[in-house]
Amino acid sequence: MIRYLTAGESHGEALVGILEGVPAGLEISAKYIDHQLRRRQQGYGRGGRMRIESDAVEILSGIRFGKTLGSPIALVIRNRDSHNWKSKMTVEEGPQKVERVTIPRPGHADFAGFIKYGFDDIRNVIERASARETAMRVACCTVVRKFLEEFGVFIGSHVFQIGSVHAKDRRRLDRIVAKNLRASCGAYKVTESADRSDVRMLEKESTRRAIQEIKRSKKSGDTLGGMFEVIISGVPVGLGSYVQYDRKLDGLLAQALMSIQAVKGVEIGSGFENAALPGSNVHDEFAVRNKIIARTSNRAGGLEGGVTNGQPIILHAAMKPISTLANPLRSVDMRTRKIVKARYERSDVCAVPACSVIGEAVIGPVIANAFLEKFGGDSIKEVRSQYRH
Ligand SMILES: Cc1cc2nc3c(=O)[nH]c(=O)nc-3n(C[C@H](O)[C@H](O)[C@H](O)COP(=O)(O)O)c2cc1C
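In the working numbering, the protein residues as written are 1469 to 1857.
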């Protein structure tokens, strides 16, 4: 089983991760991980912090001479901004005069976390609930992604909606995706194409309109959300299982995506649209092409009964608008119980492009665990021989 844990506060010294269960003999480098960390920091609409920080991972254990050892992999990402926060974030007993945050921001964990842990300072919540934590998730999951790529399983994503801007012709967008999927690196080609756009959209016109919408939103002190698609290509038939609820791959993938900060909806294939259609327009019919069993469509998103059916896995996620508004909403001061404006702290206007990169990352361990359950081994060599069997 691959599993990982992260630790670290947003403005603390560093983010820390421990990843376990990756078979021995996988080639991996800090440079490879850093590429994905950089991608997570991109996107039009991000706030000031992304300009201050350029994330880089340090590998402390589990890798020797460029290859995994099968032992736990320990990773660190330093928060380069932390020197500005030394007095507010010190581990030792702090100065008495540190300003306490007592006004929760609507849409954040601020209020619930403050009550739950009995704090007198909302900063204790802000620091860990922040999406800064996803930098370490991306680092850990990138090692897993490399494992999947060894077996021809590629992950990609693109943004298809920002605020009210979406592709005018969804079928045209699907054709662009399908063309990209024919490349040797499958879904990763979708990602490469999307990365050429500042908002990770595949169509130039949508990119232009989305940037305009983000600019308008910023000007009015508001924020935006949106939707993205994650695709996994090269997945063999039979990963996951229908025999028990907690082995259904669709459920596990939905959990992974839903665990990302601000993701509030997940769809498998064209799930929501399907609900309004007759079955005859929904289910993917079988065909035989050159003696190979094929399907005429992929509305199921590559999963039937919680099991992969050999088609690319298609997942959609909806991200809500960023909760911290430059033109703040009403809140309450927890000390005085007076209605006041929420606090504004340096913030993104739109982070859907970054969220799509995180989406690519977090589904890696889910797929890899299902893959290892079926073709498992302690080393890459052993998994390869099981997979070829
Ligand atoms: C990549 C990314 C960047 C984010 N940036 C911000 C931000 O700058 N300001 C903010 O208020 N929320 C931001 N969020 C969203 C919050 O982290 C999230 O809404 C909050 O932690 C509450 O969690 P919930 O929305 O899952 O309930 C970001 C989320 C992601 C995925």
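Ideal Cβ placement from N, Cα and C applies to all residues, glycine included. These figures come from a predicted structure and were not determined experimentally.
Assignment of alanine 1646 by DSSP, reduced to helix, strand and coil, places it in the helix class.
Cβ contact annotation for glutamate 1850 (same chain, cutoff 6 Å, sequence separation greater than five): none. Its chain contains no residue whose beta carbon lies nearer than 7 Å to that of glutamate 1772 once the 5 sequence neighbours on both sides are disregarded. DSSP places tyrosine 1472 within a strand segment (E or B) once states are collapsed to three.
When the Cα atoms are used, asparagine 1648 and valine 1820 turn out to be separated by approximately 21 Å. The DSSP-derived three-state label of methionine 1787 is strand. Secondary structure note for isoleucine 1496: it is in no beta strand (DSSP E), with a DSSP letter that is neither H nor E. Between alanine 1607 and isoleucine 1545, the C-beta gap is smaller than 8 Å, which places the two residues in contact.
Check the Cα spacing between phenylalanine 1628 and each of Asp1666, Asp1589 and Leu1670: the tightest is with Leu1670. The beta carbon of alanine 1819 sits closer than 7 Å to at least one heavy atom of ligand 1. Under DSSP, methionine 1695 shares a beta bridge with Gln1629 and Ala1786. A direct Cα-to-Cα measurement between arginine 1684 and glycine 1530 gives close to 47 Å. The region 1764-1781 makes no contact with the region 1795-1810, as fewer than three CB pairs between them are under 8 Å. The beta carbon of aspartate 1578 sits closer than 7 Å to the beta carbons of Pro1572, Ile1590, Val1593 and Ile1594 from its chain, once the five residues preceding and following it are set aside; these are given in chain order.
If you draw a straight line from the Cα of isoleucine 1501 to the Cα of threonine 1610, it is about 6 Å long. Residue ranges of uninterrupted beta strand (DSSP E) with 3 or more members, entirely inside the region 1770-1825 and ordered along the chain, are 1781-1787, 1798-1800 and 1807-1809.
At a cut-off of 7 Å, the beta-carbon of serine 1625 does not count as near ligand 1: no heavy atom of the ligand is closer than that. Residue burial annotation: valine 1667 is buried, with at least 16 other C-beta atoms found within 10 angstroms of its C-beta.
About 15 Å separates the beta carbon of valine 1698 from that of glutamate 1617, a gap too long to meet the 8 Å contact definition.
Glycine 1534 and isoleucine 1496 have their alpha carbons spaced roughly 6 Å apart. In terms of side-chain proximity, the C-beta atom of serine 1815 is found nearer than 7 Å to a non-hydrogen atom of ligand 1. Taking every protein chain shown into account, the CB of arginine 1568 has fewer than 16 other CB atoms within 10 angstroms, so this residue is exposed.
Not one heavy atom of ligand 1 falls within 7 Å of the beta-carbon of lysine 1584.
The beta carbon of valine 1825 is closer than 6 Å to those of Arg1507 and Arg1508 in its chain, skipping five residues each way along the sequence. Taking C-beta atoms under 8 Å as the contact rule, methionine 1557 and threonine 1474 fail to qualify, at a distance of about 17 Å. Going by DSSP, arginine 1763 is part of the beta strand (DSSP E) stretching over 1760-1763.
Listed in chain order, the alpha helix (DSSP H) runs fully inside the region 1701-1735 are 1717-1726, counting runs of at least 4 residues. Rounded to whole angstroms, the separation of the alpha carbons of glycine 1624 and alanine 1762 is 22 Å. DSSP places serine 1847 in the strand class (E or B) of the three-state scheme. Burial check for methionine 1802: the Cβ neighbour count within 10 Å reaches 16 or more, so the residue is buried. DSSP, reduced to helix, strand and coil, places glutamate 1567 outside both helices and strands of the structure shown, so it counts as coil.
A residue is called buried once 16 or more other Cβ atoms fall within 10 Å of its Cβ, and threonine 1764, having fewer, is exposed. Beyond the five residues adjoining it in sequence on each side, asparagine 1837 comes within less than 7 Å, by CB distance, of Met1469 and Ile1470 in the same chain, given in chain order. Bridge pairing for histidine 1634: Gln1629 [DSSP]. Apart from sequence neighbours up to five positions away, the residues of its chain that approach threonine 1792 with a beta-carbon distance below 7 Å are Arg1573, Tyr1812, Glu1813 and Ser1815, ordered along the chain. Annotation for arginine 1757: the continuous beta strand (DSSP E) segment containing it runs 1754-1757.
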